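See below for the structure under consideration.
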Amino acid sequence: MSVIRRLYMDLYAFFGPQGWWPADSDFEVMVGAVLTQNMSWRNVEKAISKLKTEGLMNPEAILETDRETLHECIRATGFYRQKTERLKILSERVIREGGVERFLKHPDIRGELLKVKGIGPETADSITLYAAGVPSFVVDAYTRRILERYIGVCGGYHEIRSFFHDELPRDVSLYREFHALLVRLAKEYCGKKPLCSGCPVARDCTRANRTSTSSNGVCLS
DNA sequence: GGCCAGGTGTAAA
DNA sequence: TTTACACATGGC
0 MSVIRRLYMD LYAFFGPQGW WPADSDFEVM VGAVLTQNMS WRNVEKAISK
50 LKTEGLMNPE AILETDRETL HECIRATGFY RQKTERLKIL SERVIREGGV
100 ERFLKHPDIR GELLKVKGIG PETADSITLY AAGVPSFVVD AYTRRILERY
150 IGVCGGYHEI RSFFHDELPR DVSLYREFHA LLVRLAKEYC GKKPLCSGCP
200 VARDCTRANR TSTSSNGVCL S
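Numbering (numbering that gives the first Met the number 0), first residue to last: 0 to 220.
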C-alpha cells in the first residue's frame with residue numbers, strides 16, 4: 000500500500016469522518032473559499048455570519064450592495080477591499096452564467112473558475128471539490144505542511160495536486176475527507192512546533208524528522 | 001509586540 | 001520563468 004493511502008487510512012481511523020465543507024449552500028462555499036485566502040477560518044466564520052445576518056449570502060445581493068457595507072461585513076478576514084472586489088466579480092460571473100447551480104455544472108468548472116480574477120488554483124479547487132462535487136484535490140498550506148513534514152514530499156501546486164491524483168482513485172468523498180483530515184491533523188498536531196505529542200501518525204513524523212526534506216526528501220518538481 | 005493565518009495578482013529581475 | 005511585494009485584520 001502506498002504511503003499516501005496509509006496516511007489517509009490512519010487519519011480516518013483516528014479522527015473519523017469530517018463532513019466538510021462547513022456551509023449551508025454552494026454559494027456559501029464559494030464565498031468562504033475567497034474569504035479564507037490567507038486567513039484563518041475563525042475570522043472567516045465571523046464574516047460569513049455577518050453576511051448572512053445582513054441577508055447578503057447570495058450573488059445578487061453581493062453585486063448590488065455598496066462596497067462600504069461589504070467592507071464592514073468582511074473586514075475581519077483581512078484584505079477586505081480586494082476580497083470585496085473578488086466577491087463582486089465572482090457574483091457577476093455566477094449571475095451571467097444563469098445562477099450558482101447552473102454555473103457549477105459547467106463541464107470544466109475548474110477551468111472556468113481559474114479565469115475569474117481573484118480565484119487562483121487553491122480557491123478554484125476548493126469550490127470545484129466542495130461546491131461542484133468534482134474530484135479535484137485541494138492543496139493548501141496545511142496539505143503542503145503535512146506532505147512535507149510527514150512524508151518528505153515538496154513541490155509546486157500542480158505537482159502536489161498530481162501526486163494525490165496519481166496515488167488515489169478519483170472520488171469526491173475521498174478527496175473531501177482526506178483534505179479535511181489533513182487540515183485537522185495540521186491544526187491539532189502540526190503547528191510551528193517541531194512535533195507533535197500524541198500525533199496519530201507519529202511513525203511518519205519520526206521518519207520525516209530524521210530526513211531533511213531539502214536533501215533527502217522527495218521533491219516532485 | 002511580533003508572528004501567523006486554509007492566496008492571488010502584478011511588476012521587476 | 002522566478003521572485004518580491006502589496007493587500008489588512010484579528011488571535012495568540
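We put the CB at the ideal spot given by N, CA and C, even for glycine. Just so you know, these numbers come straight off a predicted model, no measurement behind them.
Taking the C-alpha atoms as reference points, what is the distance between residue i and residue j?
i    : j    : result
P106 : A185 : 33 Å
M257 : R85  : Since the first residue shown for the chain is 0 and the last is 220, residue 257 is missing from the structure and cannot be characterised.
E164 : E96  : According to the sequence provided, residue 164 is His. The question's Glu does not apply to it. Distance between the alpha carbons of H164 and E96 is about 29 Å.
N42  : S48  : 10 Å
R169 : P21  : 22 Å
A179 : G117 : 23 Å
G18  : E176 : 7 Å
Y141 : V182 : 6 Å
L55  : S172 : 29 Å
I3   : V200 : 12 Å
R5   : P16  : 16 Å
D9   : A32  : 27 Å
Y129 : A123 : 10 Å
R74  : S125 : 22 Å
C153 : Q36  : 21 Å
I159 : I150 : 12 Å
Y79  : T64  : 15 Å
F162 : Y174 : 13 Å
I94  : D23  : 19 Å
Tell me whether residue i sits in a helix, a strand or coil according to DSSP, three-state version.
i    : result
V152 : strand
E158 : helix
M0   : coil
E96  : coil
G110 : helix
P168 : coil
D124 : helix
H178 : helix
A221 : Summary: the structure shown does not reach residue 221, with the chain confined to residues 0 through 220, and so no result is reported for it.
S90  : helix
F136 : coil
I145 : helix
Can you list, in chain order, the residues of its chain with a C-beta nearer than 7 Å to that of residue i? Leave out the 5 residues immediately preceding and following it.
i    : result
E121 : V137, V138 and D139
S1   : E166
T76  : L34, M38, N42, V43, A46 and K82
W40  : none
Y156 : P120 and V138
T127 : I108, R109, L112, V133 and S135
S90  : P58, I61 and L62
C72  : A46, K49, L50, E53 and L55
K87  : I61 and L62
Y11  : E176 and L180
Flag residue i as yes when its Cβ comes closer than 6 Å to any non-hydrogen atom of the ligand SAM, and as no otherwise.
i  : result
R4 : The ligand SAM is absent from the structure shown, which contains no ligands of any kind.
Apart from the five residues just before and just after residue i, which ones in its own chain have a Cβ nearer than 6 Å to its Cβ?
i    : result
S213 : With a pLDDT of 34 at S213, under the threshold of 50, the modelled position of that residue is not reliable, and the figure given next carries that caveat. Cβ within range, chain order: n/a, list empty.
Y7   : F177
R92  : V115
A131 : L103 and I108
F13  : P199
TODO: Identify every run of the beta strand (DSSP E) within the region 13–84, keeping only runs that are complete inside it and at least 3 residues long; order them along the chain.
DONE: none
* Counting pairs of beta carbons, one from the region 145–152 and one from the region 87–107, are three or more of them closer than 8 Å? -> no
Check whether the region 21–28 touches the region 67–84, taking contact to mean three or more Cβ pairs, one atom from each stretch, closer than 8 Å.
no
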